[in-house]
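First to last, the protein sequences are chains A and B.
Under my numbering, think of the first position of the first sequence as 24, with each following residue one higher.
Under my numbering, think of the first position of the second sequence as 32, with each following residue one higher.
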Amino acid sequence: MIVTYDRLLRAEWTKLRSLRSSGWTMVAMVVSSIALGTLLCAVVAAHWSSASAADRASWDPTNQSLVGTIFGQLAVAVFGVLAVTGEYASGTIRASVAAVPKRTPLLVAKAAVYGGVALVSGEIVSLISFFIGQRIFQGRVPYATFGQPGVARAVLLAGVYLALICLIAMALGVVLRHTAGAITAIVALLLVLPAITAALPTSFQNSVGRFLPEQIGGGSMGAVVPEPHALGPWVGTAVLAGYALVAMLLAGRMLARRDV
Amino acid sequence: MDSIEISGLTKRYGDTTAVDDLTFTVSPGRVTGFLGPNGAGKSTTMRLVLGLDRPDAGIATIGGTRYADLAEPMRRVGALLEARALHPGRTARNHLRYLAYSQGIAPARVEQMLELVGLADVADKRVGGFSLGMGQRLGVAVALLGDPSVLMLDEPVNGLDIEGVRWIRTLLRDLADEGRTVLLSSHLLSEVSVTADHLVVIRGGRLVANCSTAELLDRGNDNEVLVVTPEPDRLAGLVRASGGRILAVDGDQVSVGDLTAPRIGELAAADRLVLHELTPQRASLEDTFVELTRELSPVGSAS
């Protein structure tokens, strides 16, 4: 099976590279995440003088510089969804399954390749965002350096967060098999669910909100000092990785059972 | 060389039974036509063989092994399915390349296939802009990519021009002559009767015929003769007296059954009856086929 996997990885890599849409989605993700992060960092720096004492006390310049991943997670989710639903929409899934009739290795190879690209792109985004952000803060507001405790961890885990979101999006794509449906589902998970939670009583927010992917991304993985009530960075990473694993197992089961 | 063995294959979609307890074998070294009206279950049968759909009962194997258990399936079975399986944004070359990589097939083979099917000049064009015929040619390239011993083609001539149709017929003939197993589906008997040595006919997911092409075509020869005469009533009397049947009378045209044209001519001459026309009617291939697929009980022997 080892031999087969390097073939399948190569096949999936060829598929990814041979579609303009996947490349452009990732370029758009990188550029717009960095741009949005830069903009928001500049805004925060400009309003620092009017910031409250509480805001100043909880100031996390690393976390602030990674704020562009809020946009990046959506682009990476679309990338993951399209990797799968694009095959269903075009019928390529039939050619793919005829080539790899066992199906599970197909999903594993696809997850490795697309998740890998999302990871590399995610790390590029978070590293560049971090350094641009700190550059903006320097001399105007308290800023972070890469060597400070917890900073490198937060920056790198922000990239890991994007890769895990990509995997969850791919799994949703396999389960739902339709682009619009899967994108709606992932947007609901990332943006609508946190909004609904925010409208609920504080005790509920504190106990449940921290388990939402978006909270894990911003409050646990991408934070130097975890936000109040948030999971610790490693626990948060483990929980999100657990979600991705469960979603992929479910997707693998459905892919193996269904007619294509 | 491998054969395709289909045994008790059954597939239901909700209340519809698409394939109903189907059993037949497709042997190497000949072209087998897989015939049936649209919706008869041909495509479903092929999808079941490829493991794209799961059967509700029965099994389909390639040389005794289920498709899903083949290590490099495209090296054993090449398939062209009716439904498009190409991403419009990908080029022909890249489509073949990723499939080649997945089977450990050398990229040089991709170039050979592009040449073979006549797509070398448009290999780097995105397939979204391809005509139906070009898409079919690419599908044939995919099927042949792994140099498989078994070929399954679902309505391959769809969208091809006359030159393309001729090309694919010659190609399939050559592949069968090399000893490969070739299964070719169509809803038109005339389309496969030229190429196929053997025919498997299904209707409503069930087998209705499994015999040589010659055998099936012979069934088309019923003894209907069209006679035109100014005295249809006298002719009818002569025919009946000699054991023939009058199938239809329309003005001066009489359709006669159970008597050959020479026999009718002799009867008329002996009785000094004037005939203006005497034409044996050979049922068209399509009539035979339509009639066959209306029959309820299976005919022909399994081979």
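Don't be surprised by glycine CBs; every beta carbon is placed ideally from N, CA and C.
> So L145 (chain B) packs on A123 (chain B), CB below 8 Å; how close in whole Å?
Replying inline: Stepping through the second sequence from its first residue, residue 145 (chain B) is reached at position 114. Stepping through the second sequence from its first residue, residue 123 (chain B) is reached at position 92. Yes, they are in contact, since the Cβ atoms of L145 (chain B) and A123 (chain B) sit about 7 Å apart, within 8 Å.
> Residues of chain B with a CB under 9 Å from the CB of A77 (chain A): which are they?
Replying inline: Position 54 of the first sequence, counted from the start, is the residue given in the question as residue 77 (chain A). Per Cβ cutoff of 9 Å: no residues; A77 (chain A) is ~50 Å from chain B at best.
> Which partner residues does M183 (chain B) have in the DSSP bridge list?
Replying inline: Taking the first residue of the second sequence as position 1, residue 183 (chain B) is located at position 152. The beta-bridge partner set that DSSP reports for M183 (chain B) consists of B:A110 and B:L214.
>> By alpha-carbon positions, which one of A:R233, A:V136, A:R40 and A:V131 ends up nearest to R276 (chain A)?
In response: Against the first sequence, residue 276 (chain A) aligns to sequence position 253. The shortest C-alpha separation from R276 (chain A) is found at A:V131.
> At least one CB of chain B closer than 8 Å to the CB of V104 (chain A): is that the case?
Replying inline: Here residue 104 (chain A) refers to the residue found at position 81 of the first sequence. Answer no: the Cβ-Cβ gap between V104 (chain A) and chain B never drops below 8 Å.
> So which residues on chain A does R115 (chain B) lean against when the C-beta distance must stay under 7 Å?
Replying inline: Start at 1 with the first residue of the second sequence, and residue 115 (chain B) comes out as number 84. Simply G114.
>> Going by DSSP in three states, I136 (chain B) sits in which element: helix, strand or coil?
In response: Against the second sequence, residue 136 (chain B) aligns to sequence position 105. The answer is coil: DSSP assigns I136 (chain B) none of H, G, I, E or B.
> Taking all protein chains shown into account, do 16 or more other C-beta atoms lie within 10 angstroms of the C-beta of A137 (chain B), making it buried, or fewer, making it exposed?
Replying inline: The residue given as residue 137 (chain B) occupies position 106 in the second sequence. Around the C-beta of A137 (chain B), fewer than 16 other C-beta atoms lie within 10 Å, and the residue is accordingly described as exposed.
>> Determine whether the beta carbon atoms of D178 (chain B) and R106 (chain B) lie at a separation below 8 Å.
In response: Residue mapping note: residue 178 (chain B) aligns to position 147 of the second sequence, counting from 1. Residue mapping note: residue 106 (chain B) aligns to position 75 of the second sequence, counting from 1. Result yes, Cβ atoms of D178 (chain B) and R106 (chain B) sit closer than 8 Å.
> Are at least three pairs of beta-carbons, each pair with one atom in the region 125-141 of chain A and one in the region 64-75 of chain A, less than 8 Å apart?
Replying inline: As far as the Cβ criterion goes, the region 125-141 of chain A does not touch the region 64-75 of chain A, which means the pair count is below three.
> For the alpha helix (DSSP H) that contains E297 (chain B), what are its first and last residues?
Replying inline: By one-based count along the second sequence, residue 297 (chain B) stands at place 266. First-last of the alpha helix (DSSP H) with E297 (chain B): A292 to A301.
> Residues bridged to T27 (chain A) by DSSP?
Replying inline: As a position in the first sequence, residue 27 (chain A) is number 4, starting the count at 1. For T27 (chain A), which the question treats as bridged, DSSP gives no partner whatsoever.
> Relative to the alpha-carbon of V143 (chain A), which residue among A:G46, A:Q171, A:A222 and A:A112 has its alpha-carbon at the smallest distance?
Replying inline: For the purposes of this step, residue 143 (chain A) is taken as the residue at position 120 of the first sequence. Ranking A:G46, A:Q171, A:A222 and A:A112 by Cα distance to V143 (chain A) puts A:G46 first.
>> Quick check on N69 (chain B): buried or exposed, where buried means 16 or more other Cβ atoms within 10 Å of its Cβ?
In response: Counting from one through the second sequence, the residue named residue 69 (chain B) turns up at place 38. Classification for N69 (chain B): exposed.
> Does the pairing of the region 185-202 of chain B with the region 229-244 of chain B give three or more beta-carbon distances under 8 Å?
Replying inline: Counting Cβ pairs under 8 Å, fewer than three are found: no touch.
> Which of the three DSSP states, helix, strand or coil, is assigned to R124 (chain B)?
Replying inline: By 1-based counting over the second sequence, the position of residue 124 (chain B) is 93. Under the three-state reduction of DSSP output, R124 (chain B) falls in the helix class.
> Which value, in whole angstroms, describes the spacing of the CA atoms of A181 (chain A) and I151 (chain A)?
Replying inline: One-based indexing of the first sequence puts residue 181 (chain A) at position 158. One-based indexing of the first sequence puts residue 151 (chain A) at position 128. Distance between the alpha carbons of A181 (chain A) and I151 (chain A) is about 12 Å.
> Under 8 Å, do V270 (chain B) and L309 (chain B) count as touching if we go by C-beta distance?
Replying inline: One-based indexing of the second sequence puts residue 270 (chain B) at position 239. One-based indexing of the second sequence puts residue 309 (chain B) at position 278. For V270 (chain B) and L309 (chain B), no; Cβs fall outside 8 Å.
> Going by Cα to Cα distance, which pick from B:A301, B:R276 and B:R303 is closest to L290 (chain B)?
Replying inline: The residue you call residue 290 (chain B) lines up with position 259 of the second sequence. Nearest of B:A301, B:R276 and B:R303 to L290 (chain B), Cα basis: B:R276.
> With 8 Å set as the bound, which would you pick, yes or no: does the beta-carbon of T37 (chain A) sit closer than that to a beta-carbon of chain B?
Replying inline: Locating residue 37 (chain A) in the first sequence gives position 14, counting from the first residue. For T37 (chain A), the answer is yes, since a Cβ of chain B falls inside 8 Å of its Cβ.
> So which residues on chain B does D83 (chain A) lean against when the C-beta distance must stay under 9 Å?
Replying inline: What you label residue 83 (chain A) is simply residue 60 of the first sequence in a count that begins at 1. Contacts between D83 (chain A) and chain B, judged by CB atoms closer than 9 Å, are missing: the closest CB pair is about 41 Å apart.
> What residues of chain C sit near A110 (chain B), judged by a beta carbon separation below 8 Å?
Replying inline: Among the protein chains of the structure shown, namely A and B, there is no chain C.
> In the region 134-153 of chain B, which residues sit with their C-beta less than 8 Å from some C-beta in chain A, listed in chain order?
Replying inline: Those residues of the region 134-153 of chain B that come within reach of chain A (Cβ to Cβ, closer than 8 Å) are Q134 and G135.
> From V123 (chain A) to A172 (chain B), what does the alpha carbon distance come to, in whole angstroms?
Replying inline: The count along the first sequence starts at 1 and reaches residue 123 (chain A) at position 100. The count along the second sequence starts at 1 and reaches residue 172 (chain B) at position 141. Each residue's alpha carbon lies about 18 Å from the other.
>> I believe V136 (chain A) touches L32 (chain A) by the beta-carbon criterion, under 8 Å. Please report the beta-carbon distance rounded to the nearest angstrom.
In response: Taking the first sequence and counting its residues from 1, the one referred to as residue 136 (chain A) is at position 113. Taking the first sequence and counting its residues from 1, the one referred to as residue 32 (chain A) is at position 9. Their Cβ separation, rounded to whole angstroms, is 6 Å, which keeps V136 (chain A) and L32 (chain A) in contact under 8 Å.
>> Check whether chain B comes within 8 Å of I109 (chain A), counting only Cβ atoms and requiring the distance to be less than that.
In response: The residue given as residue 109 (chain A) occupies position 86 in the first sequence. The sequence given here places Gly at residue 109 (chain A); Ile does not occur at that position. Cβ-Cβ to chain B under 8 Å: yes for G109 (chain A).
>> Suppose you measure from the CA of Y121 (chain A) to the CA of G170 (chain B); what does that come to, to the nearest Å?
In response: As a working note, residue 121 (chain A) is residue 98 in the first sequence. As a working note, residue 170 (chain B) is residue 139 in the second sequence. According to the sequence shown, residue 121 (chain A) is Ala rather than Tyr. Rounded to whole angstroms, A121 (chain A) to G170 (chain B) spans 13 Å at the Cα level.
> How many Å lie between Q228 (chain A) and N86 (chain A) at the Cα?
Replying inline: Position 205 of the first sequence, counting from 1, holds the residue named residue 228 (chain A). Position 63 of the first sequence, counting from 1, holds the residue named residue 86 (chain A). Taking the straight line joining both Cα atoms gives about 21 Å.
> Along chain A, which residues have their Cβ under 9 Å away from the Cβ of P104 (chain B)?
Replying inline: Translated into the one-based positions of the second sequence, residue 104 (chain B) becomes position 73. Residues of chain A passing the Cβ test: A121, A122, V123 and P124.
> Which same chain residues, not among the five before or five after T108 (chain A), have their C-beta less than 8 Å away from its C-beta?
Replying inline: Here residue 108 (chain A) refers to the residue found at position 85 of the first sequence. The beta carbon of T108 (chain A) sits closer than 8 Å to those of G196, L199, R200, H201, T202 and A205, all from its chain and outside the five residues before and after it, given in chain order.
> Using CA coordinates, which residue listed in B:I295, B:S273, B:D185 and B:V321 is at the minimum distance from E113 (chain B)?
Replying inline: Within the second sequence, numbered from 1, the residue matching residue 113 (chain B) stands at position 82. For E113 (chain B), the closest of B:I295, B:S273, B:D185 and B:V321 by C-alpha to C-alpha distance is B:D185.
>> Is the beta carbon of V148 (chain A) closer than 8 Å to that of T92 (chain A)?
In response: Against the first sequence, residue 92 (chain A) aligns to sequence position 69. Against the first sequence, residue 148 (chain A) aligns to sequence position 125. Between T92 (chain A) and V148 (chain A), the C-beta spacing is below 8 Å.
> Mind listing which residues of the region 37-54 of chain A have their C-beta closer than 9 Å to chain B's C-betas, in chain order?
Replying inline: For the region 37-54 of chain A, which is checked against every Cβ of chain B, the residues closer than 9 Å are T37, K38, R40, S41, L42, R43 and S44.
> In terms of residues, what are the limits of the alpha helix (DSSP H) holding Y137 (chain A)?
Replying inline: Within the first sequence, the letter at position 114 stands for residue 137 (chain A). For Y137 (chain A), the enclosing alpha helix (DSSP H) stretches over residues T127 to F160.
> Considering Y111 (chain A), what are the terminal residues of the beta strand (DSSP E) in which it resides?
Replying inline: The residue labelled residue 111 (chain A) in the question sits at position 88 within the first sequence. Run containing Y111 (chain A): none in the beta strand (DSSP E); it sits in the alpha helix (DSSP H), T92 to S113.
>> For the pair the region 33-42 of chain B and the region 75-88 of chain B, tell me if three or more CB-CB distances fall below 8 Å.
In response: Enough Cβ pairs lie closer than 8 Å, so yes.
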